[in-house]
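Colleague:
Numbering (mature numbering (1 follows the signal peptide of the UniProt record, and there is no 0)), first residue to last: -27 to -1, 1 to 511.
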């Protein structure tokens, strides 16, 4: 009995070991290529010897980890390195997963961090000659510079009719994450012609290789094309409307009449000071002791508002205000009528496309090598864990074991740094306070600036009152704006009229007084001394 049990347990253990062995063998068979960069890349990856590629690749640790990767070590350089595969990878049958990690340790302002999956090269090609002309089948990965910010997916596909290889770009690709964390980029090529783009395991884009909505230009050419030999007839009229040839300009239409004229009914307000200038020399200003007339020129006192004008309707030469000319009509134009000769917008006739072909599946070229050929203004770009597999679950397992632990550590560190920089404030609160400090710097706040800054200091110490502070500052700013808009402005000399003489005098006095106070407050805020005029100012 005991002997029988031992045999049963032995058979069970053998089956268990066999299952483990074959499952591991199956999983391994799903991995077509994997590079962890745990060991130095010398001898396995070949650096291009082309003159343009002076950037130095290094085998280095990712910041904060013991994990190694392939590092872009210098700024403003071109880089090229390639790894020839022991066995080419066929993309035509089944699912194919392309995946790798990249960390932009110093950010990415202008440059690429993509990978080129090279097709078999022509006879005589060597890895040391790898450059941007080395033909690829797929280019995949982040690229950012200026208006460009996307995760590229480009398929180079051969037109069976013309024999020409054409680059087909994925439309509306996802953008590049804007941080310095390790991210994993995955492209899944499905047997149903779909392609999935994942960033950090999350699907960001789904497209179909044969859809004209997803790739530009489409893999399948248009059935017809405009005839390049077709020409627009000389008598073809594309104007839908034309000036009425029978229309005549009315006899009373004066094209020379001005748009505005002086208001003849306006009279100069009583008490207007014609001989007083609006600005006078500041009587309190004194010539600086270090002023050198020979070097700096003749010193002139800064100008201030003439105090006499504050008590009068206005100063300087009075002019009648301008009003709209009631007889102004402008230049006469004949009215438009339907064009009897209109034929529509011309376009060339369509002809059969000589390069058209039908396609059930993309004619993928196999992957024979993996190359990184980039130009970048940043250093610190680290490539790691480059994988080609035939199973999505295998790619997911690599994300969980190789990428996720690093990402979680970096995410926590980033969170701690952000909280430290913001003095314990949450991210959204920091953004709010940054904006409010900019508001506090607006010049027209004047004496209210100090109040706003006091509120901000209290709120930073007590983040729970942020909402109340925002409301208070909005009220202050709104009140100041209302005061500026409706609190009275100095009457413009050219707009004076008899009907508003009394009101204008009072408003002018108030406006000039406010303008003087605001100018004084701005001067105090800036800590500015009386302006010194020099020859260079002239």
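We put the beta carbon where it would ideally sit given N, CA and C, even for glycine.
Bear in mind that the values here come from a model prediction, so they are computed numbers and not experimental data.
What residue does the beta strand (DSSP E) around residue 175 start on, and which one ends it?
Modeller: Start and end: 175 to 181.
Colleague: Among 360, 65, 290 and 233, which has the Cα closest to the Cα of residue 296?
Modeller: Considering only alpha carbons, the answer is 233.
Colleague: Roughly how many whole angstroms lie between the Cα atoms of residue 83 and residue 35?
Modeller: Their backbone Cα atoms lie some 21 Å apart in a straight line.
Colleague: Helix, strand or coil: which one does DSSP assign to residue 293?
Modeller: Three-state result, residue 293: coil.
Colleague: Between which two residues does the beta strand (DSSP E) harbouring residue 87 extend?
Modeller: Segment: none, residue 87 is in no beta strand (DSSP E) and carries neither H nor E.
Colleague: Could you check whether the stretch 165 to 172 touches the stretch 288 to 305, counting it as contact only if at least three pairs of C-beta atoms, one from each stretch, sit closer than 8 Å?
Modeller: Segments in contact, no.
Colleague: According to the neighbour-count rule (16 or more other Cβ atoms, all chains shown, within 10 Å of its Cβ), is residue 286 buried or exposed?
Modeller: By the neighbour-count rule (16 or more Cβ atoms within 10 Å), residue 286 is buried.
Colleague: Rounded to whole angstroms, what's the CA-CA distance from residue 326 to residue 194? Just pull it up for me.
Modeller: Distance between the alpha carbons of residue 326 and residue 194 is about 8 Å.
Colleague: If we call anything under 8 Å between Cβ atoms a contact, is residue 324 one with residue 197?
Modeller: Contact: yes.
Colleague: Can you find the residues in the same chain that come closer than 7 Å, C-beta to C-beta, to residue 28, ignoring five residues on each side of it along the sequence?
Modeller: If we look at residue 28 and ignore the five residues flanking it on each side, its Cβ neighbours are 45, 47, 50, 51 and 52.
Colleague: Can you tell me whether DSSP reads residue 75 as helix, strand or coil?
Modeller: Strand at residue 75.
Colleague: Just the C-alpha distance for residue 143 and residue 112, rounded to the nearest angstrom, thanks.
Modeller: Their backbone Cα atoms lie some 11 Å apart in a straight line.
Colleague: So, are the CB atoms of residue 343 and residue 4 less than 8 Å apart?
Modeller: No.
Colleague: What does the Cβ neighbour count give for residue 97, buried or exposed, with the cut at 16 atoms within 10 Å?
Modeller: The residue in question, residue 97, is exposed, as its Cβ has fewer than 16 Cβ neighbours within 10 Å.
Colleague: Is the stretch 346 to 360 touching the stretch 74 to 94 in the sense that three or more CB pairs, one from each, lie closer than 8 Å?
Modeller: Yes: at least three Cβ pairs fall under 8 Å.
Colleague: In three-state terms, what does DSSP make of residue 344?
Modeller: In this structure, residue 344 counts as strand in the three-state DSSP scheme.
Colleague: Roughly how many angstroms lie between the CA atoms of residue 73 and residue 358, to the nearest whole one?
Modeller: Answer to the nearest angstrom: the Cα atoms are 5 Å apart.
Colleague: Determine the DSSP secondary structure at residue 319, reduced to helix, strand or coil.
Modeller: Correct three-state label for residue 319: coil.
Colleague: Under 8 Å, with one C-beta from each stretch per pair, do the stretch 60 to 73 and the stretch 154 to 165 reach the 3-pair mark?
Modeller: Cβ pair count under 8 Å is three or more, so yes.
Colleague: Could you say which of 341, 151, 365 and 235 lies nearest to residue 103 if we only look at CA atoms?
Modeller: Checked all of 341, 151, 365 and 235; the closest Cα to residue 103 is 341.
Colleague: In this structure, what does DSSP give as the bridge partners for residue 50?
Modeller: DSSP, once it has assigned bridges, lists 349 as partnering residue 50.
Colleague: Compute the beta-carbon to beta-carbon distance between residue 91 and residue 115, rounded to the nearest angstrom, for a pair I have assumed lies under 8 Å.
Modeller: Actually they are not in contact, since the Cβ atoms of residue 91 and residue 115 sit about 19 Å apart, beyond 8 Å.
Colleague: Can you tell me whether residue 368 is buried or exposed, with buried defined as 16 or more other CB within 10 angstroms of its CB?
Modeller: Under this definition residue 368 is a buried residue.
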